[in-house]
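Worksheet: the structure to be examined is printed underneath.
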Amino acid sequence: MKKIVKIVIKGESGYCSADDAFHDKVTLEENRISYEYLPMFPSEHNKEKKWSFKTSNPFFKTVYDHVCEMIPDALNIDLDICYTDIGAIDFIITYDDKSKDKKQFFVLGDDFGMLFKTIKQLVPVVEDIPVALRSEEDWESLYKAD
55 MKKIVKIVIK GESGYCSADD AFHDKVTLEE NRISYEYLPM FPSEHNKEKK WSFKTSNPFF
115 KTVYDHVCEM IPDALNIDLD ICYTDIGAID FIITYDDKSK DKKQFFVLGD DFGMLFKTIK
175 QLVPVVEDIP VALRSEEDWE SLYKAD
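So the number in this note's numbering is just where the residue sits in the sequence shown, counting from 1, plus 54.
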C-alpha cells in the first residue's frame with residue numbers, strides 16, 4: 055500500500071460579498087502543518103494569514119498517522135448532498151511514489167466531522183482554526199467571542 059506523504063485541503067468562500075471572498079489551504083506532512091489564507095480583497099476585517107509549524111514531537115506524528123488512516127474513507131464518502139452556495143473543499147493527497155489523488159466536494163466542513171476534528175488537534179494553540187476545517191461549532195464559538 056502506498057504511503058501518504060502530504061495532505062492538502064483547500065477551501066474557498068461560496069456565495070458572499072467580494073469583500074469576504076477568500077481561498078485557503080492547509081498542508082499536512084508527518085512533522086509539519088502550514089496554513090495560508092488569501093482574501094480576494096484584503097482589508098482590515100479580512101486579512102491575509104500565513105503560518106507554519108514544524109515539530110519533532112511524537113504526538114504530532116501519531117495524530118498525523120491517524121489522519122492518514124482516515125483519508126481513504128473521507129475521499130470515498132458518499133454524500134447525497136451538494137450545496138450550491140458554498141465554496142468547494144478540495145483534497146489533494148500525495149503518496150510516496152509521487153502519485154496523487156484529488157477530490158472536490160461542495161459540502162460543509164461538518165460532513166468531515168472526525169477527520170477535521172482530528173486535524174484540528176495539530177493546529178498550534180495560538181492560531182485560529184483554518185477556515186477550510188471549521189465546523190458549525192467553530193463558527194459558533196467565534197461569534198460568541200465577539
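By construction, the Cβ of each residue, glycine as well, lies at the ideal position given by its N, Cα and C atoms.
- Task: Kindly list the residues whose CB is nearer than 7 angstroms to the CB of Asn-192, restricted to its own chain and excluding five residues on each side of it in sequence; keep chain order.
- Result: As a first step, residue 192 is located in the sequence shown; it is residue number 138 there, counting from the start. The residue asked about is misnamed: residue 192 is Asp in this sequence, not Asn. Excluding sequence neighbours, Asp-192 sits near Ile-183.
- Message: Quick check: the segment 100-115 against the segment 79-86, are at least 3 beta-carbon pairs closer than 8 angstroms?
- Response: yes
- Message: Suppose contacts are defined by Cβ-Cβ distances below 9 angstroms. Is Lys-57 in contact with Ile-146 by that definition?
- Response: In the sequence shown, residue 57 corresponds to position 3, counting from 1. In the sequence shown, residue 146 corresponds to position 92, counting from 1. Going by C-beta atoms, Lys-57 is not nearer than 9 angstroms to Ile-146.
- Query: How big is the Cα-Cα spacing for Lys-156 and Asp-144?
  - Reply: Within the sequence shown, numbered from 1, the residue matching residue 156 stands at position 102. Within the sequence shown, numbered from 1, the residue matching residue 144 stands at position 90. Computed Cα separation, rounded: 7 angstroms.
- Item | Simplified DSSP state of Ile-125, which is helix, strand or coil | Start at 1 with the first residue of the sequence shown, and residue 125 comes out as number 71. Here Ile-125 sits in helix by DSSP.
- Leaving out the 5 sequence neighbours to the left and right, which residues in its chain are closer than 7 angstroms to Lys-174 when beta-carbon positions are compared? As a first step, residue 174 is located in the sequence shown; it is residue number 120 there, counting from the start. Ile-183, Leu-187, listed in sequence order.
- Given Lys-154, which residues of its chain have a CB within under 7 angstroms of its CB, disregarding the five upstream and five downstream residues? Your numbering for residue 154 matches position 100 in the sequence shown. Excluding positions up to five away in sequence, the list reads Ile-146, Ile-147, Thr-148.
- Message: Shorter than 8 angstroms, the distance from the beta carbon of Ile-173 to the closest heavy atom of the ligand PLP, or not?
- Response: Judged by which ligands are present, the structure shown has none, so any question about the ligand PLP falls away.
- Message: Which residue wins for smallest C-alpha separation from Asn-100, given the options Ser-110, Ser-67, Val-117, Pro-178?
- Response: As a first step, residue 100 must be located in the sequence shown, where it is residue number 46. Among Ser-110, Ser-67, Val-117, Pro-178, the Cα nearest to that of Asn-100 belongs to Ser-67.
- Member of Glu-102, Phe-166, Pro-112 whose CA lies at the smallest distance from the CA of Ala-142: Position 88 of the sequence shown, counted from the first residue, corresponds to residue 142. Considering only alpha carbons, the answer is Phe-166.
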